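J.:
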Amino acid sequence: MCTRNALAAALAAFLAAGAASAEAKRAAFFGMKVIDMSLGGNQDAEEARARMLEQQLVETLEASGRFAFVDIEPVAADAARFENLAHCNGCDSEFAARLGADVAITGEVQKTSNLILHISVYLRDAATGALIGGGSADIRGNTDESWRRGMDFVLNRRILVEP
C-alpha cells in the first residue's frame, strides 16, 4: 500500500513538472545593452554589471517556470550587426523566430550619471514583434546593489506579476 502511494505521488510530481515545463515559453534573450550618456564614457564596471543583470534575469525567469531559454549562438553573428537589439525595428523578434522561440527578450541600462540610471526590459512576441511584456525602473546610485534591486523590481513587480 505504501509503495502504491509513493508511486502515485511520484507520478503526480512527474506529471506536474512536465505540465509546468510544457507551459514555459521558449525565450531568446539577447542581453542587456549599456547606453552611457554621462560624460564619463562607457566603463568596465557598467559592462560587468550588465552581465550580472543578464544572469539575474535568466536565473529568475527560469526559476519561475514560465520561461525556458534557447541558445542564441546560431544568430549571434547577425545580431552583432546591430548596436541595440531593443530598438532595431523588430530584428530581435525575427532572430527569436529563427531560433524557434516564442518570445524575444532584450534590455538596456541608460546611464545619465553615476546617480541617475534607468533599467528597461522588453518582451516581444517572436511571431508578430508585438510588445507583450516588460518593465522599467529608475535607480539611484551606480552600484552592484542598486542595479540588482532595480532588476529585481522589473522582474518581480512587472514581468512576473500575475495577470
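Residue numbering for the sequence shown follows my numbering, beginning at 70 and increasing consecutively.
Just so you know, even glycine gets a beta-carbon here, dropped at the ideal spot from N, CA and C.
No experiment lies behind these values; they were computed from the predicted model shown.
Rounded to a whole number of angstroms, what is the C-alpha to C-alpha distance between Val139 and Asp161?
T.: For Val139 and Asp161, the distance between alpha carbons rounds to 14 angstroms.
J.: Which same chain residues end up closer than 6 angstroms to Ile174 when comparing Cβ atoms and leaving out the 5 residues on each side of it in sequence?
T.: Within the same chain, Ile174 has close Cβ partners Ala96, Phe98 and Leu192.
J.: Who are Asp194's beta bridge partners in DSSP?
T.: In DSSP, Asp194 forms a bridge with Val172.
J.: If you scan the segment 95–159 from start to end, which runs of the beta strand (DSSP E) of 3 or more residues do you find wholly inside it?
T.: Entirely contained in the segment 95–159, the beta strand (DSSP E) runs reaching 3 residues are, in chain order, 136–138.
J.: Would you decide whether Ser189 is buried or exposed? Buried here means 16 or more other CB atoms lie within 10 Å of its CB.
T.: That one is buried.
J.: When you compare the CB positions of Ile228 and Val178, do they come within less than 8 angstroms of one another, or not?
T.: Against a cut-off of 8 angstroms, the Cβ pair of Val178 and Ile228 comes out as no contact.
J.: To the nearest angstrom, how far is the alpha carbon of Val144 from that of Thr129?
T.: So the alpha carbons of these two residues sit roughly 24 angstroms apart.
J.: Would you report the Cα separation of Ala117 and Ile185, rounded to the nearest angstrom?
T.: Near 18 angstroms, if we compare the C-alpha coordinates of Ile185 and Ala117.
J.: With distance defined between alpha-carbon atoms, name the residue in Ala155, Ser182 and Glu142 nearest to Leu168.
T.: The option with the nearest alpha carbon to Leu168 is Glu142.
J.: Tell me whether Val230 sits in a helix, a strand or coil according to DSSP, three-state version.
T.: Three-state result, Val230: coil.
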